[in-house]
Each structure stands twice: as structure tokens, then as C-alpha cells.
Amino acid sequence: MTDKGDLPDTPAAGADSDADAAIGGPTAAAPQVPLEHAPADSVEFERGAGPLLTQEGKSQGRIVWEQFRRHKAALIGGWILVFMYLSAIFAGFLAPYGLNEYRRSPSAAFRPPTQVHWTDPDTGRLTRPFVYDVVETRDPVTRQRVYEESTDVRYPIKFFVHRPSQPYKILGLFKSDLHLFGVDDPARVFLWGTNNLGKDLFSRVLYGGQVSLTIGILAVWVAFFLGLLLGGIAGYYGGLVDDIIMRLVEVFAAIPGLFLLIVLASLLRDPNNPLAKAFGLQMTSAQTFLLTVIVLGFVGWGGLARVIRSLILSARELDYAAAAKALGAGETRILWRHLLPSTASYVIVDLTLSIPGFILAETGLSFLGLGPSELDTASWGLLLRDATARGISIQFVPWLLIPGIPILFAVLCWNLLGDGLRDAFDPKKRR
Amino acid sequence: MSNQRSKDAKGAATQTGPLLEVKNLRKYFPIRGGIFSRVVANVKAVEDVSFNVQRGEVVGLVGESGSGKTTVGRSILRLIEPTAGEVIFDGVDVTKLSKAHMREYRKRMQIIFQDPFASLNPRMSVGDIIGEAMTIHNLARGKEREQRVAQLLERVGLSPSHMRRYPHEFSGGQRQRIGIARALAVSPQFIVADEPVSALDVSIQAQVVNLLQDLKEELGLTLLFIAHDLGVVEYISDHVIVMYLGRIMEIAPSKDLYANPIHPYTEALLSAVPIPDPTVKRDRIILQGDIPSPINPPSGCVFRTRCPIATKECADVVPPLVEVTPGHFKACINR
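Sequence order for the protein chains is A and B. Residue 431 in the numbering used here sits at position 431 of the first sequence, and the numbers go up by one each step. Residue 150 in the numbering used here sits at position 150 of the second sequence, and the numbers go up by one each step.
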């Protein structure tokens, strides 16, 4: 007797005791019999038959990682980000010049990217890379700056040079004055040109990354702390608490974001602002900057709180939450073991995808002049602002747009990474 | 069914009254509206339901979608709080227990869910899913827990090596077995099986029903078996309760119900059960229309709007459950 036969038989049976006996028979006599004869779904079929899927006995984290590894774009994005963050951390070492290093005379203002020569101009053979010093003249007719290489002295590019005048600290801890490369005075190596004050753009982009790349992460933490806390509370407790928090979210959503940012940022960067006074400190640029971060976070938490709330609400109704309750699990256990982990993948992905938004917001703010001051910090937005300085025609100094490239890459790579993580966490997209 | 009868007798030896008594159970889900979230209406999911479950017996609870059978099952376990009524489990009204006391009772009453895809946490390994209850109640830890999980897995027909896998690696039938193992982890006396097979293939249904029946016999379980399919209920149940729109229409010993249905709704349900023999011709009772809204159920007998033998009087009184023959109750004034 096969299992397939079992069930459809019965309805006809009605009061028929033969059918009853037939049904009662196998179960009572030999309980395992139906299982052994069962079709493909059966246990016997799979017991001892090796892996039933490829992911036998792997932890969730490992499965996610293996899925993620197969996502080429995300992997590339991830590596580019690692590279970018490393270069921001080691900006001091990689940058040949200091953040605000410039020469008064002769000025190096608006220098185009320095040409690095790889071949000997006399022999045409490959040689140690070198640069020439540059002489600035003016076009007699247009009064445009013209730079000419003075080809009499070659200045080879030296590696691992100590420049005691330009010390730096890595992560605020390790002090050093060793730079990856540099050239002897009076020549200069400006890989990406200079701005109106003759500051090296390459160095400034590296230093700017420290601000622009971290601000996204910091702001995201502020936003996520608030969003998770308030969204979680609203979703789990519901009722009046839920109503109050959600109305608050709506109030925040009703305020135009850019307007709020501008007002708060301009308020906060005022040295006489009430916040600074309340804490009894004059805000340095870095502190204003930190406040900018908090402002960004405050603007960004509402959407997340909403999503977390609805995720918790729906997860609460899931059968496995009910099963945990039926097993006697307490509220805390249900929330931590069952409800919050169900939002984890969303949170990680949303976190990753929010960072580029905050990077762009910071760039926008800095570009508008509401970010940190130019004197002691740099950010990519601030560097782009150089391109709008008075008396500049961008077609003559196109290299000032270079800071836009790392912005583009950072945002793109964070998005790719987020996409990859989303797919990796989604059990339905497993390959 | 001879084996079931003998079990009844076995149960009777230890029994002191029914294991579970449900008295006048009521569950309304409020519908809120307006800015102040006032209650504008109630979904009357369960209305005045009373029945007993004897020790060691399997009671089938059937009815079409929306008849309130799942709500009854979950109210018994207090997964949803009943609006009114008593659920007396082994002499104690569990609806009045504090949370801490209820935890003790959760070791004795368990549930198997309908949807094997939603009832297992996709982020926990099978071992953790089954072993969670042991951790919660401090029943076993570490190696011992692992051992017991392995035993449970074997008991439900899975391999102990499945412990480290995740739910998504299993088929529907296998997941349902995991769900059963989870329910068994606390060694319960009573299990609500909430449509445990309706999400499964017919071939798998038989396996799972057989498994439940085996477990019931071996462990002396008492089951409330909820289903919308009379065919499935028939051979596992000792008694069958037929519900419609939150009310009980008929309660009868399983055999009696199938041989001699009294309520016109039961008749209609039975006539809808497919017969695999094409030569058998049977008159089908096709019910007209859909199940009415539980927000505004019909007055009097809730079934009267679709009942083939309804009369004027049906609208006036709610028909009481009347015992026709011993153990056979019906709620119909025309039969």
C-alpha cells in the first residue's frame, strides 16, 4: 500500500469499516512502512543520501559570505571602497604635500597636473620618472596663465622622503613625516594640479576623503540608532507609543530636508550659537563638522524608523514568533532572537545604501558653504567649491573638478556593495 | 476503529474528567477607524464555542475558511487572548493565568502550524529551532540538548545530521516534521495541530497524518486536529466538531458524523469530499454564495442564509447545541 493511496481512499469510506481497517492497519502495525515507501519528498530517500543542497551545515554568516563573493560587482565595489578608506587613513603618507601647504613665492596657483616624465627626452629610453620645474608666464594678449617646463634641470621623483616640515598623524596616533613620494625643491609634483592658492589637489583629495568618507558612516550611525530605537519601540509596543513616534516621524518628514539642513548647519557653525554656549565651548571647525553629522542623522532617521516599525509589526504576526510564544519564550527573547534578526538583513543593506546618500548630502552642504571651514579641513564637496571661486572659468582649470570623481566612485561603490549584500541576505536569491 | 477504541479505554483508566474544556469561548477582533482609533466594529471570529476534549483522544475541528477554527486553536494556547470564555486545561482555567504561570502550561500544550514555510525561523538552524524550548525551560543544555534534538529528529523521521541545516534546505513535508519535533521538544500532553497538512501535497499529507497518529499512540498525546478537509479529519479523529462562522454546528463521534450527519452544513461539507471512484454518483449539495461577513453575522442561525432547509424561524433564535444521540450534538432547529 502506498501513501498516495491512503488519503483519497478515505472519503469514500464514510462508514465503511474496511477502509478504516486498511487505514488503521499500516499505521498501527508498522508505523515506518508508509515512510519507507514514500515518494521523493520522503525522508528515507534523503537520509544518508549525501548533501541535499549544496549548503549543508553552514552557518548563516558563511552562506551570506559565499553568496556575496559570487556577486562580482559588489565585490569590486567593496575592494574599491577598501582601497579608498585605506588611502584616506594613510592620507598623510600618500600625500606628497600637507593639507594646507602652499608656497607664496613663486606662487603655484592654478597649476595644471604636473607632467611626470617616464622616458629620457634625449635617448627616448625608459628612465627613472622625473619632473621639471615649471615657470609661470602670462599670455601677453589674453593674460591667461601659461606654464612652461624649464627643461634644464630634471627633478627625479624620490620615494619615501622625510619632510620634517610636514608631519602628520595616522588615525591620530602614529606620528610621522615620511611621505610616499616627493621631489626636491624648487620643483613640485602636483599630480592633479593646484587650486587658486596653489595647494596640491591630489593631497587635498586624499585628506578630503577622511572627512567625506567618514561623515557618511557617522551620520548613518546617528540615523540608525534613532531609527532602530524608535522604530523598534513603536513596532513592538504599538498603541499610543506607536502613534506618538509615528506622528513625530511625519512632522520630521513634513520639514523640507534641504531647508532643515541649511538652517541647522548655518546655526551650528555660528561660533556664538546657543548649543556652543550651552556647552561653554567655542566650536572648532571639527566640532561644527561633527554637529553637521548629527544634523544629517536627525534628518535621516524617520524613513528607517517607519520601515523597522512595519518590519517588527509584520514579524510579530509570523508563525515562528507565535511558535516561540507557544514554547514559552519571553518578550525579550522573542524580540532579540526572532524579531530583530529578521530585520537585520534589511538594516545592514539599508545602512550600506544610506551611506552614499549621506556622502552626497555632506558634499552638497560643503559645496553650499555650510560644511566645515576650509582652513583646517577639507572635504570633497569643499574642494569642488574651489571650482566655483570668483574669477574662475572652469574650462581653463578643468582639474578642479577632479574631486567629483572620488565622490562618484564612493557613492557608486557603496551602492554596489549594498546591492550585493541585499542579494546575499535574500534567501530567495541564493545561487 | 478498533485501535482507537482500545485507546479510549486506556485513556479512561487514568482520566479524571476531560483534559480540555472550552466554555463559551468568544473572540472578537476590533476594527478601529477614525483619527482616534475608535472601535467601529468587531470581527466576530469565535462566538460562544464550547466543547470538551477527552484525554488521549483526537478531536477534529473542521469548517471552511473563516469559520474561526484557527482562532479557537490559538485562543486555547493564548497565542491570541480570547475576548471571553474559559479554557480549562486539566482543571485549570488557563485564560486567567499570569504570564509566568502560563509558561509552565506551555510545556504541556503545544501547537503545530499550518504553513511550514512561515512557522520556522529562517535564520535559525534546525537544531536551534527544536532545542529552543529546552533552553527556555532549562530542560537540557549543550551535549544533552543536542542528543535530545537528535532523538526528536529521528522520532519524526528525519536524520540527526539535519540538525545543522537551515529550514530553507527542506521540503514542505520535512519542514512540517521539524515543526512537529519542535512541538514535541517540551513533551506536551496536548497539541493543537492547526491544519498541519493543508499546505502539503496529498502524498505528503498521508505521511504527516500517519506520523501524527503514531506519535499520538506512542506518547499518549491528545490532539485537537484542525482541518478544512473532512477526509483528512476522518481517519485520525475520534470526535469531530463542525464550525461555521464562529459557531459550532455539530459535534459527533467521527464514525457517527460521517455515517449520519444531521446538520445541513455537515451534509454539504461531506458531499464536497471528493470520491476517487468515478463510477460512484452522489448528489452534491452545492452551497450558494459565500460565507457571510463575520462583522455582521446573520441573526439567529448563522448558516440560514445558505441553508437549503432554512425557515422563517431560523432568523429568530440561535439554535442551541442539542444532544441527539449520546455524544452527538447538533445546532439546528429543523432537524
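The beta carbon of each residue, even a glycine, is placed where N, CA and C say it ideally should be. Everything numeric in this text was worked out from a predicted model, so none of it was measured.
Tell whether a beta-carbon distance below 8 Å holds between residue i and residue j.
i: A/Tyr97; j: A/Ser203; result: yes
i: B/Arg74; j: B/Val94; result: no
i: B/Pro122; j: B/His168; result: yes
i: B/Gln207; j: B/Gly179; result: no
i: B/Glu85; j: B/Leu25; result: First, the residue type needs correcting, since residue 85 of chain B is Gly and not Glu in the sequence shown. For B/Gly85 and B/Leu25, yes; Cβs fall inside 8 Å.
i: B/Ser203; j: B/Gln114; result: no
i: A/Val251; j: A/Trp380; result: no
i: B/Cys301; j: B/Val318; result: yes
i: A/Leu191; j: A/Phe160; result: no
i: B/Glu267; j: B/Pro261; result: yes
i: A/Gly418; j: A/Leu75; result: no
i: B/Pro292; j: B/Thr305; result: yes
i: B/Leu257; j: B/Val240; result: yes
i: A/Tyr102; j: A/Lys199; result: yes
How is residue i classed by DSSP in three states: helix, strand or coil?
i: A/Asp319; result: helix
i: A/Gly61; result: helix
i: A/Met246; result: helix
i: A/Phe425; result: helix
i: B/Pro30; result: strand
i: A/Gly208; result: helix
i: B/Val322; result: strand
i: B/Ser161; result: helix
i: A/Leu313; result: helix
i: B/Lys281; result: coil
i: A/Thr114; result: coil
i: A/Glu36; result: Its pLDDT being 39, under 50, A/Glu36 is placed unreliably by the model, and the measurement read from it follows with that caveat. If DSSP states are grouped into helix, strand and coil, A/Glu36 belongs with the helices.
i: B/Asn334; result: coil
i: A/Phe190; result: coil
i: A/Glu56; result: Bear in mind that the predicted position of A/Glu56 carries a pLDDT of just 46, short of 50, making it unreliable; the figure below should be weighed with that in mind. DSSP places A/Glu56 in coil when its eight states are reduced to three.
i: B/Asp115; result: coil
i: B/Lys44; result: strand
i: B/Tyr166; result: coil
i: A/Tyr236; result: helix
i: A/Asp419; result: helix
i: A/Val161; result: strand
i: B/Tyr105; result: helix
i: B/Gly63; result: coil
i: A/Thr27; result: With a pLDDT of 39 at A/Thr27, under the threshold of 50, the predicted position of this residue should be treated as unreliable, and no value is reported.
i: B/Val209; result: helix
i: A/Thr292; result: helix
i: A/Lys199; result: coil
i: A/Glu136; result: strand
i: B/Ala185; result: coil
i: B/Leu77; result: coil
Output, in chain order, the set of chain B residues within a Cβ distance shorter than 7 Å of residue i.
i: A/Asp319; result: Phe113, Asp115, Ala118 and Ser119
i: A/Gly235; result: Within chain B, no residue comes near A/Gly235; the closest Cβ sits about 16 Å away, beyond 7 Å.
i: A/Ala326; result: Leu77, Leu79, Arg106, Gln110 and Ile111
i: A/Pro164; result: Chain B residues near A/Pro164: none, gap ~55 Å exceeds 7 Å.
Identify the contact partners of residue i in chain A, using a Cβ-Cβ distance below 9 Å as the criterion.
i: B/Ile136; result: Ala324, Leu327, Gly328, Ala329, Gly330 and Arg333
Which bits of chain B does residue i rub up against, with CB to CB less than 9 Å?
i: A/Ser517; result: This structure gives no information on residue 517 of chain A, because the portion of chain A shown stretches from 1 to 431.
i: A/His117; result: Result: empty, since nearest Cβ-Cβ is about 59 Å, beyond 9 Å.
i: A/His338; result: Asn121, Arg123 and Met124
To the nearest whole angstrom, what separates the beta carbons of residue i and residue j, a pair I think is in contact under 8 Å?
i: B/Glu336; j: A/Leu327; result: It is not possible to answer for residue 336 of chain B, since the shown part of chain B is limited to 1 through 335.
i: A/Ala187; j: A/Val131; result: 6 Å
i: A/Leu339; j: A/Ala321; result: 6 Å
i: B/Ile226; j: B/Asp194; result: 5 Å
i: B/Asn334; j: B/Ile295; result: Not quite, the Cβ-Cβ distance comes to about 26 Å (not below 8 Å), so this is no contact.
i: B/Ile191; j: B/Ile88; result: Between B/Ile88 and B/Ile191 the Cβ distance is about 17 Å, and since that is not below 8 Å, they are no contact.
i: B/Met163; j: B/Ala150; result: 7 Å
i: A/Val433; j: A/Ile215; result: Outside the shown range of chain A, which is 1 to 431, sits residue 433 of chain A, and nothing can be said about it.
i: A/Ala410; j: A/Leu296; result: 15 Å between Cβ atoms; not a contact.
Within 8 Å (strictly less), CB to CB, does residue i reach chain D?
i: A/His179; result: Reference to chain D is not applicable here, since the protein chains of this structure are A and B.
With respect to 7 Å, is the separation between the Cβ of residue i and the closest non-hydrogen atom of the ligand GDP below this value?
i: B/Phe113; result: Here there are no bound small molecules, and the ligand GDP is not part of this structure.
What residues from chain A crowd round residue i, counting only those whose CB sits closer than 8 Å?
i: B/Glu132; result: Ala324, Leu327, Ala329 and Arg337
i: B/Val186; result: Leu327 and Gly328
i: B/Arg38; result: The premise fails here: B/Arg38 is roughly 13 Å from chain A at the closest Cβ pair, so nothing lies under 8 Å.
Whose Cβ in chain A lies nearer than 7 Å to the Cβ of residue i?
i: B/Arg103; result: Gly328
i: B/Arg182; result: Ala323
Those runs of the alpha helix (DSSP H) which lie wholly inside the region 325-380 of chain A and span at least 4 residues = 340-367
Could you pull out every unbroken alpha helix (DSSP H) segment of at least 4 residues lying fully inside the region 256-307 of chain B, listed in chain order?
-> 264-271
Only counting runs of 4 or more residues, tell me where the alpha helix (DSSP H) segments fall wholly within the region 224-249 of chain B, in order along the chain.
-> 230-236
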